[in-house]
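Step one of this worksheet: look at the structure below.
Numbering (this note's numbering), first residue to last: 548 to 713.
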């Protein structure tokens, strides 16, 4: 399906993206940062949910949620499809600014629908802290050695040796 957003045009496989978005992935996280994200995102940024649903994406099942600090994060969503026309400006949906990148620019991502895909990544999102846990005591699994090793392995598997040497 062809979707136009601002001056961007996308050709999206909505069914493939919906299937992926509905699935449970091995990296789906239950740390405090992510649980707070799940609890607060749709209420804090309701237009973001509506926007992502047009692509077949559930706003609460991103490819990656990167906490910057307990109440600030950036979020990336993989969509099955291609960018037909690159826009001049980032996409702004209700105060959430999205940058767009291609599958070639994202060697860490391995969505099961294969290539081609593109990634929508938010700018900084500020979310209220609603969990009973002390936000200063929450530890992100992204800081754990197992996570770091899994990401390094994924990067090496998806990057050819020539590009690593250049």
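Just so it is clear, CB atoms sit at the ideal spot from N, CA and C, and this is done for glycine as well.
Under DSSP, the alpha helix (DSSP H) around residue i begins and ends at which residues?
i	result
residue 590	579-591
residue 568	561-569
With C-beta atoms as the reference, is residue i less than 8 Å away from residue j?
i	j	result
residue 604	residue 564	yes
residue 624	residue 597	no
residue 617	residue 580	yes
residue 641	residue 682	no
residue 567	residue 659	yes
residue 674	residue 577	no
residue 560	residue 606	no
residue 612	residue 584	yes
residue 620	residue 672	yes
residue 670	residue 555	no
residue 552	residue 615	no
residue 716	residue 601	No answer is possible for residue 716: it lies beyond the span of the chain, which begins at 548 and ends at 713.
residue 656	residue 684	no
Looking at the secondary structure, which residues open and close the beta strand (DSSP E) in which residue i lies?
i	result
residue 604	Careful: residue 604 lies outside any beta strand (DSSP E) and carries neither H nor E.
residue 626	619-632
residue 651	It is not in any beta strand (DSSP E) - residue 651 carries neither H nor E in the DSSP assignment.
residue 550	549-552
residue 639	638-640
To which residues does DSSP link residue i through a beta bridge?
i	result
residue 669	645
residue 616	619
residue 611	623
residue 557	550 and 630
residue 664	627
Since residue i contacts residue j with CB under 8 Å, what's their CB separation in whole angstroms?
i	j	result
residue 608	residue 630	So it is not a contact: roughly 22 Å between Cβ atoms.
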